[in-house]
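Peer 1:
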Amino acid sequence: MAEDLKIAQGSKQEQYLELIPQIKGLLEGEPDLVANLANTAAALKEQFGWFWVGFYLVKEDELVLGPFQGPVACTRIRKGRGVCGSSWEQAKTLIVPDVEKFPGHIACSSLSKSEIVVPLFQNGAVVGVLDVDSSALDQFDQTDATYLEQIVGLLNLS
Ligand code: SME
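Going by the numbering used here, the sequence shown opens with residue 32, and the numbers climb by one from there.
(1) Could you check the C-alpha separation between D63 and V158 for me, to the nearest Å?
(2) Report yes if the CB atom of F171 is closer than 8 Å to the CB atom of I126, and no otherwise.
(3) Check whether the Cβ atoms of Q53 and L36 lie closer than 8 Å to each other.
(4) Does DSSP classify D163 as helix, strand or coil?
(5) How far does the beta strand (DSSP E) with P98 in it extend, from its first residue to its last?
(6) Hey, how far is the Cα of V130 from the Cα of K144?
(7) Quick check on the DSSP output: the alpha helix (DSSP H) that includes K43 runs from which residue to which?
(8) Can you round the beta-carbon distance between K110 and W119 to whole angstroms, since I take them to be within the 8 Å contact cut?
Laid out in structure tokens, this is it:
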């Protein structure tokens with residue numbers, strides 16, 4: 032396992048392309064889900080400096096806060112509520128350029144301006160989401176969706 036993250040420079044794509052093998056290295060040989068979610072959130076936060084990066088996991092009929100990096104956050108989100116609950120319900124990645132324009136957005140912090148939520152799948156079902164918040168408007172695009180989907184695909188969720 033790599034002990035330090037090498038912070039990549041360059042375009043967003045170049046940063047993801049250097050980060051992904053390092054995340055693979057962090058996950059390799061470690062079966063514990065909490066450890067792996069924690070290091071994945073930390074690696075993303077270190078590389079990109081986003082305001083909040085973390086996971087919510089489906090527990091019964093709610094999303095419950097999991098490992099994250101950033102300020103304290105809401106602990107439980109119902110299906111269909113907010114960006115996270117909508118991503119769970121629709122089983123797809125949601126990109127929100129301006130959270131104030133997303134109906135039902137759950138504001139854990141007024142500093143969060145844009146957001147991307149990527150579902151985690153196990154056997155075709157959504158078992159959690161990766162939520163990333165930025166303090167800048169319009170921070171996320173299809174490049175983030177593509178690579179963040181790749182990154183959550185590296186996680187062994189069983
Ligand atoms: N804004 C999210 C809630 C989670 S926090 O941003 C960490 C939402 O609308 O689902």
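For each residue, glycine too, the CB sits at the ideal point set by N, CA and C.
Peer 2: According to the structure shown:
(1) Position 32 of the sequence shown, counted from the start, is the residue given in the question as residue 63. Position 127 of the sequence shown, counted from the start, is the residue given in the question as residue 158. Near 16 Å, if we compare the C-alpha coordinates of V158 and D63.
(2) Indexing the sequence shown from 1 puts residue 171 at position 140. Indexing the sequence shown from 1 puts residue 126 at position 95. Closer than 8 Å, so yes.
(3) The residue given as residue 53 occupies position 22 in the sequence shown. The residue given as residue 36 occupies position 5 in the sequence shown. Yes, the pair counts as a contact, with Cβ atoms nearer than the cut-off.
(4) Numbered from its first residue, the sequence shown carries residue 163 at position 132. Reading the sequence as shown, one finds Val at residue 163 and not Asp. It is a strand residue.
(5) Working through the sequence shown from its first residue, we reach residue 98 at position 67. Segment E93 to Q100, the beta strand (DSSP E) holding P98.
(6) By one-based count along the sequence shown, residue 130 stands at place 99. By one-based count along the sequence shown, residue 144 stands at place 113. If you take the alpha carbons of V130 and K144, they lie about 6 Å apart.
(7) Working through the sequence shown from its first residue, we reach residue 43 at position 12. Residues K43 to L58.
(8) For this step, residue 110 is matched to residue 79 along the sequence shown. For this step, residue 119 is matched to residue 88 along the sequence shown. That pair is a contact at about 6 Å.
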